[in-house]
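Residue numbering for the sequence shown is 1 to 112, as defined by our numbering. Ideal Cβ positions, reconstructed from N, Cα and C, are used throughout, including at glycine. As the structure is a prediction and not an experimental result, all values here were calculated from the model. Data first, discussion second: the structure below is written as structure tokens.
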Amino acid sequence: MKTHRTVTPRQEVLAERNLCVALASLQTPEEVRAFLRDLCTPAEIQAMADRWTVVDPLKRAVPYREIQRLTGVSVTTIGRVARFLTGGNGGYATAARRLEAARRAAHATAHG
């Protein structure tokens with residue numbers, strides 16, 4: 001967070017909450033993409049995409065160096081994601097679980 005402005009802890013919490021509400025209001029991947037492209041720099045989007053890319057291989061216990069070889073994501077970033085997968089706020093796990101459930105449902109519908 002930038003340090004050149006004075007923001008109270010309450011204002012910071014409200015700003016973060018408002019951002020979360022805005023994200024939750026979006027209904028399609030295309031809407032989220034447009035919002036992220038307006039909100040973030042290309043480098044910020046790439047950093048988030050890199051982090052998300054390594055979640056699945058980490059959940060499958062693929063070694064860090066193999067993940068790096070497959071994805072090009074740095075071992076430092078992989079380690080950071082791994083720490084948050086196990087000791088974070090549960091966001092990666094929730095999103096991964098829901099995405100997997102949606103994939104299974106789509107597969108069952110297509111093949112059932």
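Sub-7 Å separation of residue i and residue j beta-carbons
i: residue 55; j: residue 106; result: no
i: residue 62; j: residue 68; result: no
i: residue 53; j: residue 28; result: no
i: residue 51; j: residue 81; result: yes
i: residue 39; j: residue 32; result: no
Close-in-space but distant-in-sequence residues of the same chain around residue i (CB under 7 Å, 5 per side omitted)
i: residue 112; result: none
Nearest-angstrom beta carbon gap, residue j and residue i [assumed within contact, 8 Å]
i: residue 58; j: residue 85; result: 6 Å
i: residue 64; j: residue 78; result: 5 Å
Coil, strand or helix - residue i by DSSP
i: residue 61; result: coil
i: residue 17; result: helix
i: residue 6; result: coil
i: residue 99; result: helix
i: residue 28; result: coil
i: residue 112; result: coil
Residues near residue i by beta carbon distance below 6 Å, same chain, minus five either side
i: residue 8; result: none
i: residue 45; result: 36
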